[in-house]
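What follows is one structure encoded as structure tokens, with my remarks underneath.
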Amino acid sequence: MRALVTGVAGFVGSHLAERLLIDGHEVVGIDSFTDYYDNALKAANLAQVQVHGDRFTFVEGDLNTADLELILRNVTHVFHQAGQPGVRLSWGKDFAAYIDANIAATQRLLEAARTAPRLERLVYASSSSVYGDAETYPTLETDRPMPRSPYGVTKLAAEHLCVLYAKNFGVPTVSLRYFTVYGPRQRPDMAFTRFLRAAVTGGIITIYGDGEQVRDFTYVADIVDANVRAATADGVPPGAVYNVAGGSSVTVNEVLAIIKELSGHELNVERTDAVDGDVRRTGGSTEAFEAATGWKSAVSLEAGLANHLTWTLEQVQG
Ligand code: UGA
Numbered sequence: 007m008r009a010l011v012t013g014v015a016g017f018v019g020s021h022l023a024e025r026l027l028i029d030g031h032e033v034v035g036i037d038s039f040t041d042y043y044d045n046a047l048k049a050a051n052l053a054q055v056q057v058h059g060d061r062f063t064f065v066e067g068d069l070n071t072a073d074l075e076l077i078l079r080n081v082t083h084v085f086h087q088a089g090q091p092g093v094r095l096s097w098g099k100d101f102a103a104y105i106d107a108n109i110a111a112t113q114r115l116l117e118a119a120r121t122a123p124r125l126e127r128l129v130y131a132s133s134s135s136v137y138g139d140a141e142t143y144p145t146l147e148t149d150r151p152m153p154r155s156p157y158g159v160t161k162l163a164a165e166h167l168c169v170l171y172a173k174n175f176g177v178p179t180v181s182l183r184y185f186t187v188y189g190p191r192q193r194p195d196m197a198f199t200r201f202l203r204a205a206v207t208g209g210i211i212t213i214y215g216d217g218e219q220v221r222d223f224t225y226v227a228d229i230v231d232a233n234v235r236a237a238t239a240d241g242v243p244p245g246a247v248y249n250v251a252g253g254s255s256v257t258v259n260e261v262l263a264i265i266k267e268l269s270g271h272e273l274n275v276e277r278t279d280a281v282d283g284d285v286r287r288t289g290g291s292t293e294a295f296e297a298a299t300g301w302k303s304a305v306s307l308e309a310g311l312a313n314h315l316t317w318t319l320e321q322v323q324g
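Everything in the sequence shown is counted per the working numbering, starting at 7 for the first residue and increasing by one.
The following block contains the structure:
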């Protein structure tokens with residue numbers, strides 16, 4: 007395959023590009039280095055991809071201005087990981103960045119995909135945040151999406167665009183609704199990276215609300231494997247939408263107990279008010295995705311957290 011990975015310097019994008027290169031594929035990666043978090047971290051992610059050699063080409067660019075027809079000319083598979091993340095920060099004037107990066111950029115990519123001569127599949131990184139406080143648990147793809155954050159609204163809008171372009175123009179899209187991804191290189195604004203760093207440095211862990219919110223955390227290697235399967239499996243109809251969830255329904259308080267155990271440190275926890283945009287519970291059924299692709303979550307929360315802790319220690323110790 008000749009793959010395009012958007013958001014290649016990000017958390018999931020960099021891991022995915024590495025896996026594709028290790029599997030022997032050619033990879034073009036694009037990233038615009040937005041200022042959502044420290045660009046030194048993204049440069050370090052990208053450096054890990056670049057060590058895999060000359061089958062990797064990096065394009066620094068923004069999907070809203072880049073020549074996407076040219077970039078897609080020889081591409082067989084697109085993995086669209088780029089976007090403006092963060093459920094809790096998408097209110098107010100910052101919403102404009104979410105519209106640009108999540109909706110407009112996806113629409114532009116889909117337009118270019120319409121005429122890409124060799125395109126076999128386009129995998130879009132959607133989000134469990136499209137559900138909001140879901141109707142049922144484990145949530146099915148057919149349950150009614152009701153986002154609780156403006157971020158979730160933009161991820162859902164782009165997902166609808168993927169379905170539209172599949173139905174109207176035959177663009178072979180598949181959307182994967184990721185459930186809270188964690189592991190080495192996780193973004194610095196996300197819970198586990200914050201908690202683990204605080205655990206090993208003696209810093210303060212801030213819990214939003216009572217800590218009884220539940221998440222279906224998913225290890226990054228499982229997400230990468232889901233992308234590869236979604237891109238290559240035969241039983242994936244154009245416009246398909248699937249949950250990709252790790253299967254751990256745990257509260258944030260339970261995660262803290264595991265981190266305390268793994269790190270061997272007493273945790274310094276303070277509690278603040280719950281934050282607008284945060285849902286109470288996520289939990290996804292993965293039956294449909296497993297049936298279509300044979301995927302199964304392979305990494306337990308304890309094993310994944312141990313890897314995330316090892317990476318955190320490397321970061322802290324330089
Ligand atoms: C994550 C990602 O940030 C989104 O980009 C993604 O789309 C979403 O998962 C998803 O699955 O749809 P979130 O679940 O909020 O969103 O991920 P975390 O930052 O890992 O937060 C997990 C829980 O920990 C949340 O309930 C949050 O309120 C809590 N938290 C987070 C804290 O209590 N303190 C913190 O410092 C950070």
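Each residue gets a CB set at the ideal place from its N, CA and C atoms; glycine is no exception.
Look up residue i in the DSSP assignment and say whether it is helix, strand or coil.
| i | result |
| --- | --- |
| V305 | coil |
| H31 | coil |
| H83 | strand |
| D100 | helix |
| T212 | strand |
| N233 | helix |
| A118 | helix |
| N70 | coil |
| T186 | coil |
| A131 | strand |
| Y171 | helix |
| L146 | coil |
| Y225 | strand |
| L125 | coil |
| V322 | helix |
| L6 | Outside the shown range of the chain, which is 7 to 324, sits residue 6, and nothing can be said about it. |
| Y157 | helix |
| L136 | It is Val, not Leu, that sits at residue 136 in the sequence shown. Correct three-state label for V136: helix. |
| L162 | helix |
| L95 | coil |
| A340 | No statement about residue 340 is possible, as the shown extent of the chain runs from 7 to 324 and does not include it. |
| A88 | coil |
| A239 | coil |
| A251 | coil |
Excluding the 5 residues preceding and the 5 following residue i in the sequence, name in chain order all residues of the same chain whose CB lies nearer than 8 Å to its CB.
| i | result |
| --- | --- |
| L52 | V14, A15, S20, G35, D37, F64 |
| A294 | L146, E147, Y248, N249 |
| P153 | S135, V136, Y137, G138, V159, K161, L162 |
| S269 | L202, A205, V206, L315 |
| L125 | L78, V81, T82, H83, V84, A119, V177, P178 |
| P123 | R79 |
Enumerate in chain order the residues of its own chain whose CB-to-CB distance from residue i is below 6 Å, with the five nearest sequence positions on each side excluded.
| i | result |
| --- | --- |
| F185 | S134, D222, T224, A251, T288, G290 |
| Q113 | L167 |
| V180 | V129, A236, V242, A246 |
| K173 | G245 |
| H58 | L27 |
| T199 | Q192 |
| R286 | D139, Q219 |
| E32 | R8, R61 |
| W301 | A232, R235, F295 |
| R277 | I213 |
| W317 | P190 |
Suppose the cutoff is 7 Å on Cβ atoms and the five residues either side in sequence are ignored; what does the same chain contact list for residue i look like?
| i | result |
| --- | --- |
| G310 | Y188, G189, Y225 |
| I105 | T160 |
| N108 | G89, Q90, T160, K161, A164 |
| P144 | G289, G290, S291 |
| S255 | V220, D222, G289 |
| R127 | H83, P178, V180, A237 |
| A304 | D228 |
| T308 | With the sequence shown as reference, residue 308 is identified as Glu, and Thr is not the correct amino acid for it. For E308, where only same-chain residues beyond five positions count, the Cβ hits under 7 Å are I264. |
Contact between the segment 248-256 and the segment 219-229: three or more CB pairs below 8 Å?
-> yes
Ignoring anything shorter than 3 residues or poking outside the segment 259-315, list the beta strand (DSSP E) runs there in chain order.
-> 274-278
Residue ranges of each beta strand (DSSP E) within the segment 17-68, 3 or longer = 32-37, 62-66
Could you tell me whether the segment 98-106 touches the segment 199-211, where touching means 3 or more Cβ pairs closer than 8 Å?
-> no
Counting Cβ pairs closer than 8 Å, one from the segment 200-207 and one from the segment 66-86, do we hit at least three?
-> no
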